[in-house]
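Residue numbers (the working numbering), protein chains in the order written: chain A, 311 to 421; chain B, 5 to 118. Glycine residues also receive a C-beta, built at the ideal position from the N, C-alpha and C atoms.
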């Protein structure tokens with residue numbers, strides 16, 4: 311079974327701090343996505359990475375896909391309370407059940 | 005926002021009763037998915053559909069059935085609900101089934117089985 315392990319599971323930081331969350335697997339994926347989910351809502355796609363070593367930036371968020379396409383990281387610079395939410399990574403499961411999701415990192419940014 | 009509506013948004017019912025959740029889309033996307041979200045497990049695929057009357061099982065399909073008689077509607081049925089099916093259920097849609105294509109999610113249905 312292909313698994314996506316996210317770490318940390320929970321992170322509470324002060325506004326203005328930097329943070330990195332991770333998504334790791336022993337499997338190779340053809341693409342990986344990051345979603346953010348707010349309470350009472352469904353996940354919303356932030357980015358898709360498809361090339362090993364790829365780096366994408368979305369304002370204060372920087373996403374990196376590992377060279378071997380087995381892992382990814384999300385770095386947030388100068389976190390703000392609006393960044394609070396559950397961050398999920400998802401990957402193309404070539405085993406047949408379409409996309410698989412990690413359990414998520416729950417981020418809380420205090421003002 | 006993608007036009008996805010889930011109904012009901014909340015439901016409380018008793019063990020052994022049948023339950024049907026509805027997902028309605030206005031995007032004319034071919035693929036539709038039902039997931040459940042539980043603490044520590046993330047989103048797990050229950051069933052998905054790749055066209056009208058075309059469905060397939062996901063990772064956690066036992067105890068669930070689905071139907072898609074129209075492009076815009078995807079129904080999830082629990083024939084005889086059990087307490088282990090208490091969860092938050094999300095519907096998602098995508099234009100294609102390729103893993104690198106984004107999925108757009110509804111706002112979920114919180115289901116409690118007592």
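Under 6 Å Cβ to Cβ from residue i, same chain only, skipping five residues before and after it: list those, please.
| i | result |
| --- | --- |
| residue 322/A | 418 |
| residue 92/B | 41, 112, 114 |
| residue 326/A | 388 |
| residue 89/B | 82, 117 |
| residue 332/A | 317, 383 |
| residue 411/A | 398, 400 |
| residue 14/B | 114 |
| residue 334/A | 315, 381 |
| residue 320/A | 416 |
| residue 18/B | 118 |
| residue 353/A | 345, 347, 398 |
Please list, in chain order, all residues of the same chain as residue i whose beta carbon is under 7 Å from its beta carbon, the five residues on each side excluded.
| i | result |
| --- | --- |
| residue 377/A | 362, 363 |
| residue 366/A | 357, 359, 373 |
| residue 395/A | 346, 347, 348, 417 |
| residue 397/A | 331, 344, 346, 384, 414, 415, 417 |
| residue 368/A | 356, 357 |
| residue 105/B | 98, 99 |
| residue 313/A | 335 |
| residue 101/B | 35, 54 |
| residue 7/B | 29, 30, 31 |
| residue 33/B | 97, 98, 99 |
| residue 375/A | 342, 359, 361, 362, 363, 364, 382 |
Among the candidates the options, whose CA atom is the shortest distance from the CA of residue i?
| i | options | result |
| --- | --- | --- |
| residue 351/A | 101/B, 88/B, 100/B, 9/B | 9/B |
| residue 281/A | 333/A, 387/A, 414/A, 315/A | Because chain A is modelled from 311 through 421, residue 281/A falls outside the range shown and cannot be assessed. |
| residue 66/B | 82/B, 104/B, 55/B | 82/B |
| residue 402/A | 68/B, 33/B, 107/B, 20/B | 107/B |
| residue 336/A | 395/A, 326/A, 382/A | 382/A |
| residue 299/A | 399/A, 416/A, 420/A | Any property of residue 299/A remains undetermined from this structure, which presents chain A solely from 311 to 421. |
| residue 415/A | 60/B, 101/B, 46/B | 46/B |
| residue 338/A | 330/A, 344/A, 408/A, 380/A | 380/A |
| residue 56/B | 64/B, 48/B, 77/B, 69/B | 77/B |
| residue 11/B | 86/B, 105/B, 50/B, 80/B | 80/B |
| residue 73/B | 102/B, 36/B, 18/B, 23/B | 36/B |
| residue 63/B | 420/A, 408/A, 354/A | 408/A |
| residue 94/B | 23/B, 22/B, 110/B | 110/B |
| residue 421/A | 315/A, 354/A, 324/A | 324/A |
| residue 75/B | 31/B, 68/B, 87/B | 31/B |
| residue 16/B | 87/B, 96/B, 101/B | 87/B |
Looking only at its own chain, which residues have a Cβ that is under 8 Å from the Cβ of residue i, when we skip the five neighbours before and after it?
| i | result |
| --- | --- |
| residue 59/B | 51, 52, 53, 70, 71, 72 |
| residue 48/B | 39, 40, 41, 42, 62, 63, 64 |
| residue 21/B | 84, 85 |
| residue 329/A | 321, 323, 385, 386, 389, 417 |
**Asked** Three or more C-beta pairs closer than 8 Å, one from the region 23-32 of chain B and one from the region 384-402 of chain A: is that the case here?
**Response** The region 23-32 of chain B, when compared against the region 384-402 of chain A, does not touch it at the 8 Å Cβ threshold.
**Message:** Taking beta-carbon pairs under 7 Å, can you tell me which members of the region 98-118 of chain B lie near chain A?
**Reply:** 101, 103, 104, 106, 107, 109, 110, 111, 112
**Prompt:** Residues in the region 36-62 of chain B with C-beta within 7 Å of chain A's C-beta atoms, listed in sequence order?
**Reply:** 44, 45, 46, 47, 49, 52, 62
**Asked** Can you list, in chain order, the residues of the region 85-98 of chain B whose Cβ is nearer than 7 Å to any Cβ on chain A?
**Response** Those residues of the region 85-98 of chain B that come within reach of chain A (Cβ to Cβ, closer than 7 Å) are 94.
**Request:** Scan the region 407-420 of chain A for residues whose Cβ lies nearer than 7 Å to a Cβ of chain B and list them as they occur along the chain.
**Result:** 407, 408, 409, 411, 412, 413, 414
**Ranges of the beta strand (DSSP E) found wholly within the region 40-116 of chain B, counting only runs of at least 3** = 46-55, 58-61, 68-74, 77-82, 91-98
**Prompt:** Just by C-beta distance, which residues in the region 350-376 of chain A are closer than 8 Å to chain B?
**Reply:** 350, 351, 352, 353, 354, 355, 358, 360
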